[in-house]
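Peer 1: 1 is the number of the first residue of the sequence shown in UniProt numbering; add one for each residue after it.
For every residue, glycine included, the Cβ atom is placed at its ideal position computed from N, Cα and C.
Sharing a structure here in structure tokens format.
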Amino acid sequence: MKVYHDLQDFQVKTPVLTIGSFDGVHRGHVKIIDRLKEIAQQNQGESVIFTFYPHPRLVLFPKEHNLRLLTTLQEKIRLFERAGIEHLIVYPFSKAFSELSYTEFVRQILVEKLNIKSLVVGYDHKFGKNREGGYEMLQELSEIYNFNLEKLDVLLMDDINISSTKIRYALEQGDVLRANKFLGHPFTLHGTVVEGQKLGRKIQFPTANIEASDPNKIIPGYGVYAVFVHLHNQKFMGMLNIGTRPTVNKNADHRSIEVHILQYDGNLYGHEIELEFIRKVREEQKFSSIDELKMQLELDKTNVMRLLEHE
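Next up, the structure:
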């Protein structure tokens, strides 16, 4: 897959294109991607995704965006490549770009610079200044500029339309199973191992404290999770805690992300790490003693190993 950050480098004769943020690259997005590839193959064209960076809300509402991303840019790139997309345009989003009307966007970008032959959009696609453009406007413009247009219906699962908003809500509730079902792939979190208080070592459960690589990435709700840990090109089982560690931490306002990596012993400070969320094991609890905490951690370890062995 070729990745473009400048449209001057884009030289594709028959681009079959879709546009969007694609946060999560979930099953609804994959439905669009599969149809995009199908149309490209039928018309001797090439599949193209047009997305933006940074996220529009970061540019338009820098102090009030409250953004919680399912996927970082690098995660999206990896998922697009895995899905078989041939070309990815990561267009630099700016306030000036946001002022383009939907007609200007289609004419200046899609037609004059990209020379699109076909455009595939989702059922709720909006574009242009203030998101004023919709499918009806695209129909008119496709006739003027002579490109094919196709709209896909919503993808339902369990009678629920799959959306990034619903996946974010599931993660906030700690419902990783539901989130992963809608995503079609495990939710992941990338970060760097930073120095912690080393309290886990004292009870034979050393943990790696994680600082998320993107401050706008959503963090699942408080609790203990079964995860896979990707480190040094290897995959380990892990038990992860997200929360305030109330048994040992007096500062209950400070959230931490820490993982105990099974069958691993080494210094990880400064290393990059990827967490692949599989299932929530239990809620975070406050125990009456360190011994009681340690007993629960032993039970958690058994449960985590049992869950992950079947994945």
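(1) Let's test the definition: count the other Cβ atoms within 10 Å of the Cβ of I144 and tell me whether it reaches 16, buried, or not, exposed.
(2) Under DSSP, the alpha helix (DSSP H) around K35 begins and ends at which residues?
(3) So is R245 buried or exposed if we call it buried at 16+ other beta carbons inside 10 Å?
(4) Helix, strand or coil, according to DSSP, for Y145 in the structure here?
(5) Please specify which runs of the beta strand (DSSP E), each continuous and at least 3 residues long, are wholly inside the stretch 166-195, giving them in chain order.
(6) From which residue to which residue does the beta strand (DSSP E) around F277 run?
(7) Is N161 helix, strand or coil when you go by DSSP?
(8) Report the three-state DSSP secondary structure of residue 312 (helix, strand or coil).
(9) Using 9 Å as the limit for Cβ to Cβ distance, is T207 near chain C?
(10) Taking buried to mean at least 16 other C-beta atoms within 10 Å of its own C-beta, is Y169 buried or exposed?
(11) CB-CB under 6 Å to F10, same chain, minus the five flanking residues each way: which ones, in chain order?
(12) Just list the residues that DSSP pairs A241 with in beta bridges.
(13) Given this structure, state the Cα-to-Cα distance separating G196 from H55, to the nearest angstrom.
(14) Does DSSP put S47 in a helix, in a strand, or in coil?
(15) Can you give me the Cβ contacts of Q173 inside the same chain, cut-off strictly under 7 Å, excluding the 5 residues immediately before and after it?
(16) Taking its Cβ as the centre, do 16 or more other Cβ atoms sit within 10 Å of N209, making it buried, or is it exposed?
(17) Does DSSP put F22 in a helix, in a strand, or in coil?
(18) Determine the DSSP secondary structure at P62, reduced to helix, strand or coil.
(19) In chain order, what residues of the same chain lie with their CB nearer than 8 Å to the CB of E132, ignoring the 5 residues before and after it?
(20) State whether the stretch 33-43 contacts the stretch 132-142, with contact taken as three or more CB pairs (one from each stretch) at a distance under 8 Å.
(21) With contact counted as at least three CB pairs below 8 Å, one residue from each stretch, are the stretch 8-27 and the stretch 71-84 in contact?
(22) Can you find at least 3 beta carbon pairs, one from the stretch 266-285 and one from the stretch 182-197, that sit closer than 8 Å?
(23) Which of the three DSSP states, helix, strand or coil, is assigned to V111?
(24) Check for me: the alpha helix (DSSP H) holding K76 runs from which residue to which?
(25) Should H65 and N216 be called a contact, given that it needs their Cβ atoms to be closer than 9 Å?
(26) Is it buried or exposed, N180, if we count other Cβ atoms within 10 angstroms and call 16 or more buried?
(27) Is the beta carbon of L262 closer than 9 Å to that of K301?
(28) Closest to G223 by C-alpha separation, out of L177, Q285, P186, D265, would be which residue?
(29) So what's N209 in DSSP terms, helix, strand or just coil?
Peer 2: The relevant details are as follows:
(1) The residue you call residue 144 lines up with position 144 of the sequence shown. Looking at its Cβ environment, which holds fewer than 16 other Cβ atoms inside 10 Å, I144 is exposed.
(2) For the purposes of this step, residue 35 is identified with residue 35 of the sequence shown, where counting begins at 1. The question names Lys, but residue 35 in the sequence shown is Arg. Residues 27-42.
(3) Here the question's residue 245 lines up with position 245 in the sequence shown. Flag for R245 reads buried.
(4) Against the sequence shown, residue 145 aligns to sequence position 145. The answer is helix: DSSP assigns Y145 an H, G or I state.
(5) 188-194
(6) As a working mapping, residue 277 is identified with position 277 in the sequence shown. Note, F277: beta strand (DSSP E), 272-282.
(7) Within the sequence shown, residue 161 is the residue found at index 161, counting from 1. If DSSP states are grouped into helix, strand and coil, N161 belongs with the strands.
(8) The first residue shown for the chain is 1 and the last is 311, placing residue 312 beyond what the model contains.
(9) The structure shown contains no chain C; it holds only a single protein chain.
(10) Locating residue 169 in the sequence shown gives position 169, counting from the first residue. Per the 10 Å Cβ criterion, exposed.
(11) In the sequence shown, counting from the first residue as 1, residue 10 sits at position 10. Correct list, in chain order: Y4.
(12) Sequence index remark: in the sequence shown, residue 241 carries index 241 (1-based). A small fix is needed here, since residue 241 is Asn in this sequence, not Ala. N241 is bridged to V224, E258.
(13) Sequence index remark: in the sequence shown, residue 196 carries index 196 (1-based). Sequence index remark: in the sequence shown, residue 55 carries index 55 (1-based). Whole-angstrom Cα-Cα distance: 31 Å.
(14) For the purposes of this step, residue 47 is taken as residue 47 along the sequence shown, with counting starting at 1. S47 falls in the strand class under three-state DSSP.
(15) Indexing the sequence shown from 1 puts residue 173 at position 173. Cβ neighbours of Q173 beyond the five flanking positions: G221.
(16) As a position in the sequence shown, residue 209 is number 209, starting the count at 1. Flag for N209 reads buried.
(17) Residue numbering aside, residue 22 sits at position 22 when the sequence shown is read from its first letter. Three-state result, F22: coil.
(18) Taking the sequence shown and counting its residues from 1, one reaches residue 62 at position 62. Note: P62 maps to coil in three-state DSSP.
(19) What you label residue 132 is simply residue 132 of the sequence shown in a count that begins at 1. S101, Y102, K126, listed in sequence order.
(20) no
(21) yes
(22) yes
(23) As a first step, residue 111 is located in the sequence shown; it is residue number 111 there, counting from the start. Note: V111 maps to helix in three-state DSSP.
(24) What you label residue 76 is simply residue 76 of the sequence shown in a count that begins at 1. Here the alpha helix (DSSP H) through K76 covers 73-82.
(25) Numbered from its first residue, the sequence shown carries residue 65 at position 65. Numbered from its first residue, the sequence shown carries residue 216 at position 216. Result yes, Cβ atoms of H65 and N216 sit closer than 9 Å.
(26) Residue 180 sits at position 180 when you count from the first residue of the sequence shown. N180 is buried by the Cβ-count criterion.
(27) To locate residue 301, count along the sequence shown from 1; it is residue 301. To locate residue 262, count along the sequence shown from 1; it is residue 262. Against a cut-off of 9 Å, the Cβ pair of L262 and K301 comes out as a contact.
(28) Along the sequence shown, read from residue 1 onward, the residue named residue 223 stands at position 223. The candidate whose alpha carbon is nearest that of G223 is Q285.
(29) Looking up residue 209 in the sequence shown gives position 209. Strand at N209.
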